[in-house]
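Just so we're aligned: the sequence shown equals residues 1 to 474 in the UniProt record's numbering. Here the structure comes first, spelled out in structure tokens, and everything after it is commentary.
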Amino acid sequence: MATMKELKETTTVRQRVEEALAKAHASQPQLNAVVTFVDVEEQLAGLNEIADGPFYGMPIALKDNVCTQGIRTTASSKILDNYIPVYNAHIVDKLKAAGAIVIAKASMDELAMGGTNLTAATGPVYNPYDHSRMAGGSSGGSAALVAAGVVPFAIGSDTGDSVRKPASFCGVLGMKPTYGRISRYGIIPYSSSLDHVGYFTRSALDAAEALKVLAGRDDRDMTSSYQPVPDYAAALSSDVAGRKVAIFKNVIDALGNPQVKAMFEKTVEALKARGAVVEEVSLREDLLKAILPAYYLIANCEATANHSNLDGIRFGVQQPGDSMEEIMIQSRTKGFGSLIRKRFVIGSYGLFVENQEKLFRQAQRVRRLIVENVAEVMKDYDILIAPASSDVAPKLDDHSRDELSDGYLIAENHMVIGNFTGYPSCTVPMGMLNGLPVGLNMTAKAWDEQSLFDFAAAMEEITGMKDATAEVME
């Protein structure tokens, strides 16, 4: 799959859009990555005349929690099966103004809750490298479409690691910018204090070009920032000599797969050979073990409040009942999957008046301690690095992992730090293990996305993965 620049240089707009649609339809039986295919003719007819931008005539996919005017947006949930928004999300307007052509709404874990993309109402999304394995979640459909060469760019959302973990499992670049860098207006929410708009690309250059288009203040989202938006692509450099890199030692010590550890050590040596200054750092172990419970409380409490309007009356598919209360109960019972119902139970319990102080507020205090610890550790470094996952993409039916073990808690949940802090974070391909990709996660300080793009460009040269993954599904 070529980069956006290469596609523009080698194909006409109609050629690349029609080829993307053909690939999307052809790969659907294997990947199950698309919820809704979008009619492109009206978009092509209304394409603006500014042909020099990176997105001009470029086929893209949107995660199905991104509102699209007149196009069904389900968040992969049965309860929203009939929802057709009357407006576009802010990022949709920005992408279309830049000439992008939306060809598909991509599958996701239901309401963006989950890390497997096995809970979508339309069924699991399958990994492009091995259809017996998961693509990761919750943005697995978007990641799979980019990895399979269907589109060069796709939008996702990231509340815990929902862009960066699928990027690792699918061998693409997954970017989560600083909290507030991209407006979330028109994104069906999960957890308001943790949600970030993110995206997938096949190259550091495409990622840098994309953020210039997507970023900026939006008065309809009061959390969006007035922070100036640099020209990341113009400043892009793979020269990392003298840049300071912190190795996340807690995560390295927790890795269960020695091959992943060896691959990471090889990456570190390659960065050193390029002149980067690499040192080990550690965060407080007790705080790292507290990440998952704090995340579950904060995220599920906020999700419960955010989705209280999905009751079959205000929003959602309505189930019959003899009273308003019974309609709501039946609509929510039949409209949500079992995972969502469990999370709403956790959220409701945490929001009981008698529990708010001892559970929800306590989780917020733990989050603050984690944020302060990360800020102190990272103050002298450009980026913090660790493997994005302790292994390759798991099998669809893999239940063998002890998800409450200390090693798993740290090795598989450390990227939540990027959501707790709001710091920019991205995953890039680090290498291949038994024919499956493994990702490297990088986190920088607030508003320093440029460092991530620069190190991503260096990693492309170190691994050659930008070219190596181009033949997936082709």
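All residues carry an ideal CB built from backbone N, CA and C; glycine is no exception.
Status (buried if at least 16 other CB within 10 Å, exposed otherwise) for residue i
i	result
N309	exposed
Y179	buried
Y381	buried
P387	buried
K395	exposed
M324	exposed
A208	buried
G57	buried
D311	buried
T333	exposed
P152	buried
S225	buried
D322	exposed
I103	buried
S331	buried
T463	buried
A235	exposed
P228	exposed
Option in the options with minimal Cα separation from residue i
i	options	result
T36	E6, T12, M108, G435	M108
C67	G136, V197, P387, A299	V197
A2	A26, L205, S168	L205
I60	A100, I79, D39, K94	A100
K105	E357, S157, N65	N65
R274	D239, G114, I188, R314	D239
E412	G435, G439, K96	G439
G216	A458, K165, K94, E110	K94
A393	L80, Q28, A144	A144
A243	A24, A458, S389	The residue you asked about is not Ala; residue 243 is Arg in the sequence shown. That would be A458, whose Cα lies nearest to the Cα of R243.
Residue i versus residue j: straight-line alpha-carbon distance, rounded
i	j	result
D231	L292	36 angstroms
K277	E9	For the sequence presented, residue 277 should be read as Val rather than Lys. If you take the alpha carbons of V277 and E9, they lie about 38 angstroms apart.
K5	P54	7 angstroms
G335	H414	32 angstroms
A456	V38	32 angstroms
L363	D398	Per the sequence shown, the amino acid found at residue 363 is Ala instead of Leu. Those two C-alpha atoms are separated by around 30 angstroms.
G140	A26	18 angstroms
D391	D52	41 angstroms
M465	G46	36 angstroms
V163	L384	18 angstroms
E326	K176	40 angstroms
A290	I410	9 angstroms
Y87	Q69	4 angstroms
N117	L62	15 angstroms
E460	S203	8 angstroms
V172	I252	22 angstroms
E449	P258	30 angstroms
E285	T119	31 angstroms
A303	R181	22 angstroms
A98	V213	7 angstroms
I313	R72	18 angstroms
D454	V34	32 angstroms
V416	L436	24 angstroms
S237	L452	10 angstroms
A470	E354	Because A470 sits at a pLDDT of 36, beneath the cut-off of 50, its placement in the model cannot be relied upon, and the following sentence gives the value as read from the coordinates. Distance between the alpha carbons of A470 and E354 is about 54 angstroms.
F264	L80	42 angstroms
Neighbourhood of residue i by C-beta distance below 7 angstroms, restricted to the same chain and skipping five residues each side
i	result
T159	A112, Y190, S191, L194, D195, A299, N419
E474	In this predicted model, E474 has a pLDDT of only 43, less than 50, meaning its place in the structure is not dependable; the value taken from the coordinates is given anyway. Here the set comprises G149.
L297	G350, L359, F360, A363
Y185	A89, H90, D218, R220, D221
H131	Q30
N82	V317
L283	N250, N373, V374, V377
G347	N300, C301, A303, T304
Cβ shell of residue i (< 6 angstroms), same chain only, five flanking positions each side left out
i	result
K261	L255
A446	T178, Y423
residue 484	In the structure as shown, the chain starts at 1 and stops at 474, and residue 484 therefore has no counterpart that could be examined.
K78	A121, G335
G123	N32
N306	P189
A468	Bear in mind that a pLDDT of 48 at A468, under 50, signals an unreliable position, so the number given afterwards is only what the model happens to contain. So the list is empty, once near-sequence residues are dropped.
L21	I103
T201	F153, L173, A207
Neighbourhood of residue i by C-beta, 8 angstroms cutoff - its chain only, sequence neighbours within 5 removed
i	result
L287	V366, L369, I370, N373
I84	G70, I71, R72, T73
V17	V40, L44, G57, P59, I101, I103
Proximity test, residue i beta-carbon vs the ligand PLP heavy atom, cut-off 8 angstroms
i	result
F336	Ligands are entirely absent from the displayed structure, and the ligand PLP is therefore not among its contents.
**Prompt:** In chain order, which alpha helix (DSSP H) runs of at least 4 residues are fully inside the segment 152-202?
**Reply:** Note on the segment 152-202: whole alpha helix (DSSP H) runs with a minimum of 4 residues are 164-170, in chain order.
**Message:** My parser needs the beta strand (DSSP E) runs of 3 or more residues fully inside the segment 201-255; what are they?
**Reply:** 244-248
**Asked** At what residue ranges does the segment 349-436 contain a whole run of the alpha helix (DSSP H), taking only runs of 4 or more?
**Response** If we require 4 residues or more, the alpha helix (DSSP H) runs fully inside the segment 349-436 come out as 361-378, 406-411, 417-421.
**Item:** In chain order, each alpha helix (DSSP H) run of at least 4 residues that lies wholly inside the segment 36-93
**Value:** 41-45
**Ordered list of alpha helix (DSSP H) runs contained in the segment 253-282, each at least 4 residues** = The segment 253-282 contains these whole alpha helix (DSSP H) runs: 258-273.
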